[in-house]
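These notes concern the structure reproduced below.
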Amino acid sequence: MERSTQKNGLVNLAVALAIFLAGLGVAVFSGSPAGRAAAVFLGLGVIVTFVSWFQMRLEENERAEKLELDELARSRGGSIFDAKDAGSFPARNAREQFEKFFVPGFAILLLLVEAGGAWLLWRSSGLPTDSLKPGTATPSLSLFAIFALLLFLFGRFSVTIARLENHRLLRPGASFLLAGAYVCIIAAAGIAGDWAKFASADYWVGRILAILLGLLAVENLLTLLLELYRPRVKGKVARPLYESRVAGILAQPESLFTTAAQTLDYQFGFKVSETWFFQAARNNLLALLLIQFAVLLLSTMVVFIDAGEQAVIERSGKPHGILNPGAHFKLPWPIDKIYRFRTEQIQAFAVGYTPDAQSEAMTTILWTVPHANEENFLVGNRLADATAKDGTNDAASFKPVGLITVSIPVQFQITNIADWVYKNGQPEDLLHSLATREVTRFLAGSDLNEILTHARLEAAEALRESIQASANERQLGAKIVFVGLQDIHPPTDKEVASTYEKVVGAEQGRLAAILKAEAEAIRTNAIAGAAAFTLTNVADANRITMVTAKYAQAALFTNQLPAFRAAPSVYRQRLYLQAFDAATKDAKKYVLLVTNTQDVVIFDLEEKVRADLQNLSITNSP
-7 MERSTQKNGL VNLAVALAIF LAGLGVAVFS GSPAGRAAAV FLGLGVIVTF VSWFQMRLEE
53 NERAEKLELD ELARSRGGSI FDAKDAGSFP ARNAREQFEK FFVPGFAILL LLVEAGGAWL
113 LWRSSGLPTD SLKPGTATPS LSLFAIFALL LFLFGRFSVT IARLENHRLL RPGASFLLAG
173 AYVCIIAAAG IAGDWAKFAS ADYWVGRILA ILLGLLAVEN LLTLLLELYR PRVKGKVARP
233 LYESRVAGIL AQPESLFTTA AQTLDYQFGF KVSETWFFQA ARNNLLALLL IQFAVLLLST
293 MVVFIDAGEQ AVIERSGKPH GILNPGAHFK LPWPIDKIYR FRTEQIQAFA VGYTPDAQSE
353 AMTTILWTVP HANEENFLVG NRLADATAKD GTNDAASFKP VGLITVSIPV QFQITNIADW
413 VYKNGQPEDL LHSLATREVT RFLAGSDLNE ILTHARLEAA EALRESIQAS ANERQLGAKI
473 VFVGLQDIHP PTDKEVASTY EKVVGAEQGR LAAILKAEAE AIRTNAIAGA AAFTLTNVAD
533 ANRITMVTAK YAQAALFTNQ LPAFRAAPSV YRQRLYLQAF DAATKDAKKY VLLVTNTQDV
593 VIFDLEEKVR ADLQNLSITN SP
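For the sequence shown, the numbering used here gives the first residue as -7, with consecutive numbering after it.
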């Protein structure tokens, strides 16, 4: 390797180190995320340039050692230098040990630095609303532009020398210098966007550069993995492990055509790169890109608004009109910009809690278990005022206010898109804040027991009206469709919730006792009424029976009188026999058919045969 190439590498190292220190100072001075990312990229260029320059020195020492040994061998006939032991070539051994151990270790270290830098830049980029420190945009923009110019000049010169003279060790540092120039231009563009009041331009540029740094880490990892399986051919000089192809593409975009041409030639088996189409595409690349860019801009002149949507169109940042559903023409972006809103869709947000999918999936939740990420609201307690006026001993145990947790879904619809977009900044957040204020104000003037029991529907309607009034006052252009009160419960503290549960349990026990007493009263009264009804009906039946019997007896006497008058003796004899028959119904009777004899009758009253056997009926069987 020629000594001029080594000097060129040393100059590149000095330039990279100086611009890195200056860029780091500018990044710290301005607080720019894009500036910090550019400083990290410049720092990578410094260490890569240093390692490549150091390897140049080792190869230069090896070349000088070989020349000296060859000269000594020629001057002394080669007698004492025929031995090719390792100790005879210290410079070559140093270079081989460097490439064998230090270069892979440095590649791994470079991978860790790139991955760690990308992660730290992503984490420390802040918020999109963050901006540069006041008064630092103009000097930071100017300095990064100067850095880009210096890096471009030195990097372009070194890249050209490395390509023309095929210096492989000069190429990594030169590529990082030229790529650093483009990175500085991008950082300057981000700072310029922030200076021109384009929101978050510097933030997004910093994120893009962090992604680029992560891409370098991925490329370095793949290079290390492929190095394990690369075939080692004796005499073939390998590409340095720390050389980045991504940085090379950034430094020399035209190398993509060379790589593409070589790939096509290899795949198709003939010189595709020498065809008229490929040459025309290569020579007219800028025109093709401009045509594609023009077609892209023309495509932004037609916009389609979906059903249920409305859009506002801004021309040069000023309101220009409202677009209804359908196809519309406009000026190309960024002159005209479209902002869509679903004006027919019912949108919703929550007050008092943050929706939790796990809690919403549960069907039954106790008061002692948090329903979601909830908030506590202050609510009045009129029972405390009434107790205090009574002057009882329980007045001290009641507090004038209490805490409850309530989930309030609010549904709204955009009715005036112009008011919604332009009358207030961040209208949805403002509507959420207004709803939270009205809920807090309403609950503070309400009664705890009423909210927990019967006044829920009335409270929801009152809240809807108050939120709608606040939205109309701010000209939000929104209609409050629904406000609901759900999951109302005391704070999920164990003592508070258990106390509420005891009160509710006692109330439920009281109601159960009342219902049980009412049921017992209904049962007792029904039984008593049935008994009274039965006694009354039995008495009426007895009365009717007695009256009817007396009427029948009187009618019988009236009917017997003519019979007595007609035959008194017969009538008396008949009555006597009827009375005798009734009186002796169950007695045995003996009939004496002969009356003109004097017989002695002896009665044996001992039962010989059962009465049921005497009354048997005998039938003749066939």
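The beta-carbon is built from N, C-alpha and C at its ideal position, and this holds for glycine as well. In this text the structure is predicted, and so the values were computed from the model without any measurement.
Quick check on residue i: does DSSP put it in helix, strand or coil?
i       : result
Ala75   : Any reading at Ala75 is ruled out, since the residue's pLDDT is 46, under 50, leaving its predicted position unreliable.
Arg566  : helix
Asp194  : helix
Gly1    : helix
Gln617  : Residue 617 lies beyond the stretch modelled for the chain, which goes from -7 to 614, so this question has no answer here.
Ala559  : coil
Ser(-4) : helix
Gln590  : coil
Ala83   : helix
Leu105  : A small correction: the amino acid at residue 105 is Val; Leu does not occupy that position in the sequence shown. DSSP places Val105 in helix when its eight states are reduced to three.
Pro554  : helix
Pro630  : The question about residue 630 has no answer, for the chain in this structure spans -7 to 614.
Ala342  : strand
Glu366  : strand
Leu395  : strand
Asp532  : helix
Let me confirm a value: residue i is counted as buried when at least 16 other C-beta atoms fall within 10 Å, else exposed. Which label applies?
i      : result
Ile396 : buried
Tyr234 : buried
Ala110 : buried
Phe595 : exposed
Arg163 : buried
Leu281 : exposed
Ile39  : buried
Ser134 : exposed
Pro419 : buried
Pro326 : exposed
Gln552 : exposed
Val197 : buried
Asn4   : buried
Glu512 : exposed
Val539 : exposed
Would you mind giving the Cβ-Cβ distance between residue i and residue j, rounded to the nearest angstrom? I have them listed as a contact below 8 Å.
i      : j      : result
Pro311 : Glu301 : Their Cβ separation, rounded to whole angstroms, is 17 Å, which puts Pro311 and Glu301 out of contact at 8 Å.
Val43  : Phe98  : 6 Å
Leu205 : Ala29  : 7 Å
Met48  : Leu161 : 5 Å
Ala19  : Ala31  : 5 Å
What separation, rounded to the nearest whole angstrom, lies between the Cα atoms of residue i and residue j?
i       : j       : result
Ile314  : Lys189  : 25 Å
Ala180  : Ala154  : 28 Å
Phe136  : Leu143  : 10 Å
Ile536  : Ala522  : 21 Å
Gln284  : Ser291  : 10 Å
Leu495  : Leu449  : The question names Leu, but residue 495 in the sequence shown is Val. Cα to Cα, the separation comes out at about 23 Å.
His159  : Thr(-3) : 8 Å
Glu157  : Ser167  : 15 Å
Asp328  : Ala303  : 12 Å
Pro401  : Arg332  : 24 Å
Glu91   : Leu101  : 15 Å
Ala107  : Leu208  : 8 Å
Glu465  : Pro25   : 41 Å
Trp412  : Ala463  : 10 Å
Trp114  : Asp439  : 50 Å
Glu430  : Ala470  : 16 Å
Ala544  : Asn534  : 15 Å
Arg564  : Thr550  : 16 Å
Phe341  : Asp186  : 33 Å
Ala518  : Ala498  : 30 Å
Phe404  : Leu503  : 41 Å
Lys(-1) : Ala171  : 21 Å
Which two residues bound the contiguous alpha helix (DSSP H) that contains residue i?
i      : result
Glu453 : Arg448 to Glu465
Ala173 : Leu162 to Trp187
Leu435 : Pro419 to Ala436
Lys58  : Pro25 to Ser67
Phe139 : Ala129 to Glu157
Leu315 : Premise fails: Leu315 lies in the beta strand (DSSP E), Lys310 to Leu315, not in any alpha helix (DSSP H).
Gly318 : Where Gly318 is concerned, there is no enclosing alpha helix (DSSP H), although the beta strand (DSSP E) it sits in stretches over Gly318 to Phe321.
May I ask which residues mark the beginning and end of the beta strand (DSSP E) holding residue i?
i      : result
Asp411 : Where Asp411 is concerned, there is no enclosing beta strand (DSSP E), although the alpha helix (DSSP H) it sits in stretches over Ile409 to Tyr414.
Ile634 : Summary: the structure shown does not reach residue 634, with the chain confined to residues -7 through 614, and so no result is reported for it.
Asn373 : Careful: Asn373 lies outside any beta strand (DSSP E) and carries neither H nor E.
Ile472 : Ala470 to Val475
Ala299 : Ala299 -> no beta strand (DSSP E), and no H or E assigned at all.
Pro646 : Nothing in the structure corresponds to residue 646, since the chain is present only between -7 and 614.
Sorry if obvious, but does the Cβ on residue i come closer than 7 Å to a heavy atom of the ligand ADP?
i      : result
Ser308 : Looking for the ligand ADP in the displayed structure turns up nothing, as the structure carries no ligands at all.
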